[in-house]
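Colleague: Each residue of the sequence shown is one higher than the last, beginning at 49 in my numbering.
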Amino acid sequence: MDQPSWISTHIQRWGQKPQLRYFYKQEIFRRILAFSDPAGVLVEIGSGPGFLKSAMPNLICTDIENGPTIDCLVDATQLPFKNNSVDAFIGVDVLHHFDQPGDFFKMASRSLK
49 MDQPSWISTH
59 IQRWGQKPQL
69 RYFYKQEIFR
79 RILAFSDPAG
89 VLVEIGSGPG
99 FLKSAMPNLI
109 CTDIENGPTI
119 DCLVDATQLP
129 FKNNSVDAFI
139 GVDVLHHFDQ
149 PGDFFKMASR
159 SLK
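#1: Quick check on residue 72: buried or exposed, where buried means 16 or more other Cβ atoms within 10 Å of its Cβ?
#2: Which value, in whole angstroms, describes the spacing of the CA atoms of residue 83 and residue 156?
#3: Answer yes or no: do residue 119 and residue 109 have a C-beta to C-beta separation smaller than 8 Å?
#4: Grab the span of the beta strand (DSSP E) containing residue 111 for me, first residue to last.
#5: Taking only runs of the beta strand (DSSP E) that begin and end inside the stretch 110-147, which ones reach a length of at least 3 residues, in chain order?
#6: Near residue 49, what residues of its chain come up, given a Cβ to Cβ distance below 7 Å and the 5 sequence neighbours on each side ignored?
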């Protein structure tokens, strides 16, 4: 699978930084899991390397670029999900990448149950 070089670099750095992995797994991922219904339709926006998928195997990982765990290539302002079909959208370190965050929120609100 072709992936941008930044994803490979990010995966390599993640592997070299145990403190960073610990923080994300114990603080960020744990909190996301606590507020997520594992039986629900959960979509991560801007998954990049897809680290959250290791904690949530049923997570639908999306990104604008291809990567090892990406299930769906999408622009966050053009989501392909049907109305009322998604239980939760998850975004970790992603909003600062959006030119117009409001466009994403409008699209996401349409898709949320």
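Cβ atoms here follow ideal geometry from the backbone N, Cα and C, with glycine treated the same way.
All values derive from a computational prediction rather than experimental measurement.
Modeller: Concretely, from the data shown:
#1: Residue 72 is classed as buried because its beta carbon has at least 16 other beta carbons within 10 Å across all chains shown.
#2: About 18 Å.
#3: yes
#4: Element bounds for residue 111: 108-111.
#5: 136-138
#6: Because the pLDDT at residue 49 is just 49, under 50, the model does not fix this residue reliably, and the point stays unresolved.
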